[in-house]
Amino acid sequence: MVSPEDRILNAMELGDPLDKIPKMELFSSILPFIKVFINWEAFPMRIRRLNRKWKILEETVNTVKEKWKMKKIDPRERHTLYGRLIRKASFVDRIISNINLFNIAQRNPERADRDAVRLTCLYARMPIKLGYDLWCLIPLTLPDSDAGFLEAPDGNYYPASKEGIFMDLKADDLEGVMKGVWEKNIEKSIEGSKEFYETAQLERYANIVSRVMNSRYKRKKIKDQLLPAILHPGPFETWLTVFGNDNMQGFYRRVFQEHRNGCKGAYFDLLKVKTNMLCKLVKRLVEIDMKVFVIGDDCAMIHGSMLPPKIYRDFIAVHIKKIVDTAHRGGMKVLLHTDGRFKVDNRETFEETWEFMNFLLNTGIDALHPIEMWANDIEELKRNFGDKVCLCNGINTIELQTGTRHSVARLTKTILDKVYRGGGNRLNGYIAGSDNSLMAGCQPYLVHQMLYTIDEYGEKILSL
186 MVSPEDRILN AMELGDPLDK IPKMELFSSI LPFIKVFINW EAFPMRIRRL NRKWKILEET
246 VNTVKEKWKM KKIDPRERHT LYGRLIRKAS FVDRIISNIN LFNIAQRNPE RADRDAVRLT
306 CLYARMPIKL GYDLWCLIPL TLPDSDAGFL EAPDGNYYPA SKEGIFMDLK ADDLEGVMKG
366 VWEKNIEKSI EGSKEFYETA QLERYANIVS RVMNSRYKRK KIKDQLLPAI LHPGPFETWL
426 TVFGNDNMQG FYRRVFQEHR NGCKGAYFDL LKVKTNMLCK LVKRLVEIDM KVFVIGDDCA
486 MIHGSMLPPK IYRDFIAVHI KKIVDTAHRG GMKVLLHTDG RFKVDNRETF EETWEFMNFL
546 LNTGIDALHP IEMWANDIEE LKRNFGDKVC LCNGINTIEL QTGTRHSVAR LTKTILDKVY
606 RGGGNRLNGY IAGSDNSLMA GCQPYLVHQM LYTIDEYGEK ILSL
């Protein structure tokens, strides 16, 4: 019997599908997970309408945020009947204080680790239930990374990371959003991040990962029903925790300055420290039999690379290559995630047109995710680079939020046809899925339709 591990590793080695097209997602946001877990679509329509009318999700989340001081109480704000009742219920305070995971993490590390394992095992049921082959264990963060609740410039208190960022949760769809960095002095921010990477508890983290992989669901180990992967932000995304998502201009100034100085400076040195930490983590994950490491490193937008390709090569790619080389020495595969366009337009030669893409591939990555549909032509990428890297996903995630069963099936078939033609009438070196992740607005019934079409239409193509 072909296992999820067999399907994924075979695809990353550019082999033809063993029995069917492998499927993956990086992760699911909280709301789609809840809908799948409770089988929301089976609820009577009147209950779903009542949820919308009373704003049960939004009022519940806002109540929790008010109790945790993540949201100021606005006396002018109008609430539904449910919202007024839940804010007055005396038992709510006791429940909310007991589920404050950030306080638990700081006060009781053993309980925090146990809760992390349980939460991640619960989360892993979703891809197993849906029939995915590869899925990232995103509930797992480096131990002791939580800095608790800190006051932000807007006067609210948000969960903060020791890497330096505030996080918030949108009440209407449970999507996590960054609220900037809590240290505005860049030099202090760099030093704080450096200290965090140098003291990261990698052994403790690896033990948690191992416990999750070997936990059982329906009498089988999770790792036997799913190929779990670890997703960690890469060197490029370090700018988010040092400069903040509201100060990209400061990031550009710093990179250009240090690049002109021969890639010398405090920020480049920080990337070295982070890379060394990730290499140590990879080595430890190899020891517990982890097969795939995912570098989450958004470095491109719909119009192309966020840095000039040569600066990206010198300042960022050099670190990714070190991580990949470390993984390969241990027999581990590496998947790189970045949104955006890989082709450089208005260039005369093939080499200039694909300069950025080649710099990505020269790092030695085994797979490239997610081939954002509106930014790339997956058929063109497959035709030009299908013999060098496994291409992943490419099915527009927006369609999984706003489409219909018919439109999702049609789009899925179109993408599979493109991969097939680009590969010279082969589907080798390809893993299917959405062109980002299962974001908050994704509807489970449309995800089911995509997965069904991948299997059903993929079988037809493979039989040609």
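If you're matching positions, the sequence shown starts at 186 in this note's numbering and goes up one per residue.
For glycine and all other residues, C-beta sits at the position ideal for the given N, C-alpha and C.
Kindly give me the distance between the Cβ atoms of V479 and C321, rounded to whole angstroms, as I take these residues to be in contact under 8 Å. 6 Å
Close beta carbons around G571, own chain, < 7 Å, minus the five adjacent residues each side: G607, G608 and G614
Would DSSP call P413 helix, strand or coil? strand
Look at the alpha carbon of R299 and the alpha carbon of T534, and state the distance between them as a whole number of angstroms. 55 Å
Are three or more beta carbon pairs between the region 311-321 and the region 406-422 nearer than 8 Å? yes
Tell me whether A274 is buried or exposed, calling it buried when 16 or more other Cβ atoms sit within 10 Å of its Cβ. exposed
Just to check my reading of the structure: I550 and L521 have Cβ atoms closer than 8 Å, yes? What is that Cβ distance to the nearest angstrom? 5 Å
Report buried or exposed for N650, applying the criterion of at least 16 other Cβ atoms within 10 angstroms of its Cβ. Not covered by the structure: residue 650. The range shown for the chain is 186 to 649.
Residue interval of the beta strand (DSSP E) (run including K518): K518 to H522
Do H554 and N581 have their CB atoms nearer than 8 Å? no
R514 versus K403, D640 and C464, residue with shortest Cα-Cα distance: C464
DSSP state of S330 mapped onto helix, strand, coil: coil
For the beta strand (DSSP E) holding P344, just list the boundary residues, first then last. Y342 to S346
Can you tell which of T265, E584, Y605 and F212 has its C-alpha closest to the C-alpha of E244? T265
Do you know whose CA, among G447, E422 and N446, lies nearest F436's CA? E422
DSSP three-state assignment for E536, whether helix, strand or coil: helix
According to DSSP, Y402 sits in a beta bridge with which residue or residues? K405
DSSP bridge partner residues for C321 (one or two, in chain order): A414
4 or more residues per run - each alpha helix (DSSP H) lying fully within the region 557-608: 563-570, 584-587 and 590-607
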